[in-house]
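Participant:
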Amino acid sequence: MAKVKTLPRPHPNIIKMYTAFVDRMPIQPEAEKLYPEALPNAAENPLTYELKTLHLVMKRYRMTLHDYLEEKNDYEKRDPMVGRLLFGQLLEAVVFLHKNKICHRDMKSDNILLDFDSEAEVPHLVLSDFGTAFATGKWALLYNDQMMDLGWY
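Plus 688 on top of the position in the sequence shown (first one is 1) and you've got this note's numbering.
Following this line, the structure appears as C-alpha coordinates:
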(Lines of atoms letter the chains of each structure in order from A and count residues from 1; the text may use other names and numbers.)
(Lines give C-alpha, C1' and ligand atoms only; values in the text may rest on other atoms or scores of the structure.)
Protein backbone atom coordinates (compact mmCIF):
# COMPACT_ATOMS: atom_id res chain seq x y z
CA MET A 1 0.00 0.00 0.00
CA ALA A 2 1.22 3.51 -0.81
CA LYS A 3 2.30 5.95 1.86
CA VAL A 4 -0.38 8.41 2.91
CA LYS A 5 0.62 12.00 3.51
CA THR A 6 -1.59 13.96 5.85
CA LEU A 7 -1.99 17.70 5.57
CA PRO A 8 -0.05 19.77 8.12
CA ARG A 9 -3.28 21.53 9.16
CA PRO A 10 -6.92 21.43 8.09
CA HIS A 11 -8.28 23.86 5.52
CA PRO A 12 -11.95 24.91 5.30
CA ASN A 13 -12.07 24.26 1.54
CA ILE A 14 -10.48 20.79 1.62
CA ILE A 15 -12.66 17.81 2.55
CA LYS A 16 -12.07 16.50 6.06
CA MET A 17 -11.84 12.74 6.39
CA TYR A 18 -12.79 11.51 9.86
CA THR A 19 -11.56 7.93 9.48
CA ALA A 20 -10.94 5.16 6.98
CA PHE A 21 -11.20 1.40 7.26
CA VAL A 22 -10.92 -1.69 5.08
CA ASP A 23 -13.61 -4.34 5.12
CA ARG A 24 -14.38 -7.53 3.24
CA MET A 25 -16.73 -7.23 0.31
CA PRO A 26 -18.50 -10.42 -0.79
CA ILE A 27 -18.70 -11.21 -4.48
CA GLN A 28 -22.27 -10.57 -5.55
CA PRO A 29 -24.09 -13.35 -7.44
CA GLU A 30 -25.10 -10.89 -10.18
CA ALA A 31 -21.44 -10.00 -10.73
CA GLU A 32 -20.52 -13.65 -11.26
CA LYS A 33 -23.16 -13.85 -13.99
CA LEU A 34 -22.58 -10.47 -15.66
CA TYR A 35 -18.78 -10.18 -15.74
CA PRO A 36 -17.03 -13.28 -14.36
CA GLU A 37 -13.77 -12.51 -16.19
CA ALA A 38 -13.35 -9.30 -14.14
CA LEU A 39 -13.51 -11.15 -10.82
CA PRO A 40 -10.49 -12.69 -9.11
CA ASN A 41 -9.85 -16.37 -9.69
CA ALA A 42 -9.04 -18.34 -6.51
CA ALA A 43 -7.17 -21.02 -8.47
CA GLU A 44 -4.86 -18.49 -10.18
CA ASN A 45 -4.22 -16.21 -7.22
CA PRO A 46 -5.51 -17.33 -3.82
CA LEU A 47 -4.10 -14.24 -2.07
CA THR A 48 -6.36 -11.79 -3.91
CA TYR A 49 -9.49 -13.88 -4.09
CA GLU A 50 -11.07 -12.24 -1.06
CA LEU A 51 -12.26 -8.81 -2.17
CA LYS A 52 -11.78 -5.88 0.16
CA THR A 53 -13.03 -2.35 -0.03
CA LEU A 54 -11.73 0.91 1.44
CA HIS A 55 -14.41 2.93 3.24
CA LEU A 56 -13.85 6.64 3.88
CA VAL A 57 -15.92 8.40 6.55
CA MET A 58 -16.57 12.09 5.94
CA LYS A 59 -19.34 14.66 6.18
CA ARG A 60 -22.23 14.30 3.77
CA TYR A 61 -22.55 17.34 1.52
CA ARG A 62 -25.73 18.56 -0.10
CA MET A 63 -24.58 18.42 -3.73
CA THR A 64 -21.70 18.63 -6.16
CA LEU A 65 -20.85 21.75 -8.14
CA HIS A 66 -22.02 19.85 -11.22
CA ASP A 67 -25.47 19.28 -9.64
CA TYR A 68 -25.62 22.90 -8.51
CA LEU A 69 -24.91 24.19 -12.02
CA GLU A 70 -27.46 21.78 -13.51
CA GLU A 71 -30.05 23.05 -11.04
CA LYS A 72 -29.25 26.66 -11.92
CA ASN A 73 -28.98 25.99 -15.66
CA ASP A 74 -30.73 29.25 -16.56
CA TYR A 75 -28.25 32.15 -16.45
CA GLU A 76 -30.94 34.45 -15.02
CA LYS A 77 -31.14 32.14 -11.96
CA ARG A 78 -27.41 32.50 -11.26
CA ASP A 79 -26.17 35.27 -9.00
CA PRO A 80 -22.80 36.58 -10.27
CA MET A 81 -21.70 37.36 -6.70
CA VAL A 82 -22.30 33.74 -5.63
CA GLY A 83 -20.21 32.59 -8.59
CA ARG A 84 -17.36 34.88 -7.56
CA LEU A 85 -17.51 33.66 -3.95
CA LEU A 86 -17.51 30.00 -5.04
CA PHE A 87 -14.57 30.65 -7.36
CA GLY A 88 -12.74 32.40 -4.52
CA GLN A 89 -13.25 29.38 -2.26
CA LEU A 90 -11.95 27.07 -4.99
CA LEU A 91 -8.87 29.28 -5.46
CA GLU A 92 -8.24 29.18 -1.70
CA ALA A 93 -8.22 25.36 -1.87
CA VAL A 94 -5.88 25.33 -4.88
CA VAL A 95 -3.48 27.82 -3.26
CA PHE A 96 -3.39 25.67 -0.11
CA LEU A 97 -2.61 22.55 -2.16
CA HIS A 98 0.09 24.42 -4.09
CA LYS A 99 1.75 25.66 -0.89
CA ASN A 100 1.83 22.05 0.35
CA LYS A 101 3.10 20.75 -3.03
CA ILE A 102 0.04 18.58 -3.66
CA CYS A 103 -1.26 18.00 -7.17
CA HIS A 104 -4.95 16.98 -7.14
CA ARG A 105 -4.97 15.57 -10.73
CA ASP A 106 -8.76 15.03 -10.85
CA MET A 107 -10.29 18.44 -10.33
CA LYS A 108 -13.75 18.55 -11.90
CA SER A 109 -17.22 19.73 -10.95
CA ASP A 110 -18.16 16.27 -9.60
CA ASN A 111 -15.28 16.44 -7.08
CA ILE A 112 -16.25 19.86 -5.76
CA LEU A 113 -18.85 19.54 -3.00
CA LEU A 114 -21.24 22.23 -1.77
CA ASP A 115 -23.16 22.61 1.45
CA PHE A 116 -25.77 25.20 2.39
CA ASP A 117 -28.87 25.41 4.56
CA SER A 118 -31.06 27.57 2.34
CA GLU A 119 -31.20 28.57 -1.32
CA ALA A 120 -30.47 32.20 -0.33
CA GLU A 121 -27.22 31.19 1.37
CA VAL A 122 -23.84 31.19 -0.41
CA PRO A 123 -22.71 27.54 -0.51
CA HIS A 124 -19.61 26.42 1.36
CA LEU A 125 -17.28 24.72 -1.14
CA VAL A 126 -14.83 21.87 -0.47
CA LEU A 127 -12.51 20.03 -2.82
CA SER A 128 -12.77 16.24 -2.52
CA ASP A 129 -11.59 12.95 -4.05
CA PHE A 130 -7.85 12.90 -3.56
CA GLY A 131 -7.60 9.32 -4.86
CA THR A 132 -5.29 10.31 -7.72
CA ALA A 133 -3.49 13.15 -5.91
CA PHE A 134 0.29 13.27 -6.01
CA ALA A 135 2.55 14.76 -3.36
CA THR A 136 6.32 14.27 -3.50
CA GLY A 137 7.39 17.28 -1.44
CA LYS A 138 8.76 18.92 -4.58
CA TRP A 139 7.26 19.82 -7.94
CA ALA A 140 9.48 17.55 -10.06
CA LEU A 141 7.87 14.20 -10.89
CA LEU A 142 10.91 12.08 -11.57
CA TYR A 143 9.62 9.40 -13.91
CA ASN A 144 7.73 9.03 -17.13
CA ASP A 145 5.40 6.47 -18.60
CA GLN A 146 4.78 5.26 -22.16
CA MET A 147 1.31 6.81 -22.12
CA MET A 148 2.22 10.20 -20.66
CA ASP A 149 5.20 12.21 -19.62
CA LEU A 150 5.12 12.82 -15.87
CA GLY A 151 8.36 14.70 -15.43
CA TRP A 152 12.06 14.55 -16.11
CA TYR A 153 14.51 11.67 -16.08
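By construction, the Cβ of each residue, glycine as well, lies at the ideal position given by its N, Cα and C atoms.
For M795, name the three-state secondary structure that DSSP assigns.
Facilitator: Taking the first residue of the sequence shown as position 1, residue 795 is located at position 107. M795 falls in the coil class under three-state DSSP.
Participant: Would you kindly work out how many angstroms separate the C-alpha atoms of A708 and F818, rounded to a whole number?
Facilitator: Indexing the sequence shown from 1 puts residue 708 at position 20. Indexing the sequence shown from 1 puts residue 818 at position 130. If I take the Cα positions, the gap works out to 13 Å.
Participant: Between which two residues does the beta strand (DSSP E) holding K740 run?
Facilitator: On the sequence shown, position 52 is the one that residue 740 refers to. First-last of the beta strand (DSSP E) with K740: 740 to 746.
Participant: Express the C-alpha separation of L778 and I703 in angstroms, rounding to a whole number.
Facilitator: Position 15 of the sequence shown holds residue 703. Position 90 of the sequence shown holds residue 778. Cα-Cα distance, rounded: 12 Å.
Participant: Among the residues of its own chain, which have a CB less than 8 Å from the CB of A823, if the five just before and after it don't count?
Facilitator: Mapped onto the sequence shown, residue 823 falls at position 135. Excluding residues within five positions, the ones whose Cβ falls inside 8 Å are K693, N788, K789, I790, C791.
Participant: Is DSSP giving L727 helix, strand or coil here?
Facilitator: Here residue 727 refers to the residue found at position 39 of the sequence shown. Residue state, collapsed to three classes: coil.
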